[in-house]
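In the UniProt record's numbering, the protein residues as written are 1 to 145.
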C-alpha cells in the first residue's frame with residue numbers, strides 16, 4: 001500500500017518540543033507507576049506498604065494510581081489525545097491525596113508542585129500550538145475569483 005503523499009510534512013519546532021515534553025512526562029508517570037507497584041507488592045518501604053497492610057483509603061488510591069500512571073505513560077509516549085487525559089486523572093488524584101487529605105496520605109509538596117508545573121507547561125504548549133496552527137491557516141488561504 002502506498003502513502004497518499006510521497007512526502008510527509010515536517011513537524012515544527014514547537015511540535016517537536018511538545019512531543020519531547022510529553023515523553024519526559026511519560027517517563028515520570030512510568031516512574032510513579034513503578035513506585036506504586038513496588039509499594040503494593042512489598043518491595044519498597046521495608047515491606048510496610050504491602051496491599052494487605054494498608055488502610056482502606058491507601059488501598060484504593062495506591063491500586064488506582066498503580067494502574068492509571070502506566071496507562072497515562074503509554075498514552076503520553078505515543079502522543080495520543082487520551083494520554084494527557086489519563087495523566088490529568090492520575091495527577092489530579094495524587095494532588096487531591098496530598099493537598100485535601102494530608103491527614104490520611106501525608107504531605108508531599110514536591111508532587112503537588114511538579115503536577116501543577118506540568119499542567120501549566122502543558123497549557124502553554126497547547127496555546128502555542130493553537131496559535132501556530134491559526135497562523136498557518138491565515139498564511140495559506142487563497143482567494144479565488
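Here a beta-carbon is modelled for each residue, glycine too, at the ideal position from N, C-alpha and C.
Classified as exposed, residue 57 has fewer than 16 neighbouring CB atoms from the shown chains inside 10 Å of its CB. Residue 95 holds the alpha-carbon nearest to the alpha-carbon of residue 116 among 49, 95 and 72. Taken through DSSP and simplified to helix, strand or coil, residue 107 comes out as coil. Counted as a single uninterrupted DSSP element, the alpha helix (DSSP H) harbouring residue 77 occupies residues 56-77. Between the beta-carbon of residue 25 and that of residue 82 there is about 14 Å, and that puts the pair past the 8 Å contact cut. DSSP, read as helix, strand or coil, puts residue 101 in coil. Note on residue 47: under 16 other CB atoms within 10 angstroms of its CB, so exposed under the neighbour-count rule. Residue 14 sits in a helix when the DSSP states are folded into three classes.
Non-local C-beta neighbours of residue 7 in its own chain, meaning closer than 7 Å and more than five positions away in sequence, are absent. When secondary structure is reduced to three states using DSSP, residue 44 falls in the coil class, being assigned neither helix nor strand. Residue 32 sits buried, since 16 or more C-beta atoms from the chains shown fall within 10 Å of its C-beta. By the CB criterion at 8 Å, residue 78 and residue 29 fall outside the cutoff. When only Cα atoms are considered, residue 106 and residue 49 end up about 14 Å apart.
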